[in-house]
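Residue numbers for the sequence shown follow my numbering, beginning at 19 and rising by one.
Each residue gets a CB set at the ideal place from its N, CA and C atoms; glycine is no exception.
Quick notes on the structure that follows.
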Amino acid sequence: MKLHENGKLLRIYIGESDRWHHQPLSDYQAVVSNYNGESWPKETQSAFVDYVKSGGGFVSVHAANNSFPEWKEYNEIIGLGGWGGRNEKSGPYVRYVHGNVVRETGPGVGGSHGMEHAFAVEIRDSTHPIAAGLPSKWMHAKDELYDRLRGPAENVTVLATAYADPATKGSGHHEPMLMVIRYGKGRVFHTTLGHSVEAMKCAGFATTLQRGAEWAATGKVTQSLPRDFPTADKVSSRD
């Protein structure tokens with residue numbers, strides 16, 4: 019998948035964190051991660067936090083929000099996370115209720131999902147460059163719909179949500195799917211979508227990831243809406 023459709027050159031790092039000492043993060047405009055594994059060395063953690071705080075971009079894709087439940091700064095950077103023992107001590111739930119973003123502080127686990135299925139994504143902030151011009155509702159391909167995420171939720175703007183239907187073992191709430199976070203001078207785009215190849219083939223996933231990566235790297239979005247973007251009642255997938 020290309021991270022820019024207009025041929026624009028962006029310096030974006032996608033790779034293993036253990037290579038960062040060979041080439042500084044400052045060489046890149048943004049870092050994209052779907053990492054969910056062992057803790058990073060302390061020096062790598064410090065380099066990453068300094069990079070984002072100083073203005074580097076970060077893109078958290080799907081299971082990247084499962085990582086590092088005990089790392090305070092990482093959770094501030096991604097805003098919300100799940101699993102790894104997260105609970106009410108990790109921060110509030112964030113839901114969309116009657117037109118407002120609501121933070122709920124009651125007890126409960128952080129992170130779950132029901133059965134994989136296709137579902138509607140609803141734009142909640144069309145003024146942000148990533149979401150500007152997108153249909154107000156569009157169908158995403160079969161995927162895990164993350165719900166009950168918890169975290170510091172500081173400086174978080176929810177761009178899009180999806181309803182986690184109890185019929186598919188969801189939470190019964192409108193849960194964040196796309197969000198942006200400001201951390202120091204850095205820009206963070208967080209998408210909870212993208213569990214499988216099928217999910218990543220969705221034109222909606224690809225478009226929002228491309229736009230989110232460009233915004234994280236540059237603060238702007240120059241990519242127009244593609245012709246194959248999903249509609250409110252039809253999934254659109256790419257080969």
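With 16 or more other CB atoms across the displayed protein chains lying within 10 angstroms of its CB, residue 93 is buried. Contact annotation: residue 253 and residue 136 have beta-carbon atoms nearer than 7 Å. Burial is judged here by how many other beta carbons sit within 10 angstroms of a residue's own beta carbon; residue 105 has fewer than 16 and is exposed. Within the same chain, 163, 182, 186, 187, 188 come within 7 Å of residue 132 by CB-CB distance, once the 5 residues on both sides are set aside.
Residue nearest to residue 134 within the set 159, 124, 147 is 159 (criterion: CA-CA distance). Contact check for residue 168 and residue 111: beta-carbon distance about 6 Å, within the 8 Å limit, so the pair qualifies. For residue 171, the closest of 156, 142, 145, 90 by C-alpha to C-alpha distance is 90. Cβ neighbours of residue 81 within its own chain (closer than 7 Å, five residues either side excluded): 52, 54. If you keep only unbroken alpha helix (DSSP H) runs of at least 4 residues inside the region 183-242, you get 215-218, 221-236. For residue 172, there is no enclosing alpha helix (DSSP H), as DSSP marks it with neither H nor E. In the displayed model, residue 45 falls within a helix according to three-state DSSP. For residue 120, the beta-bridge partners assigned by DSSP are 113. Just measuring C-alpha positions, the residue of 59, 149, 56, 95 sitting nearest residue 72 is 95. Annotation: the continuous beta strand (DSSP E) that includes residue 159 extends over 155-161. Around the beta carbon of residue 190, fewer than 16 other beta carbons lie within 10 angstroms, which makes this residue exposed.
At the C-beta level, residue 70 and residue 50 stay beyond 7 Å of one another.
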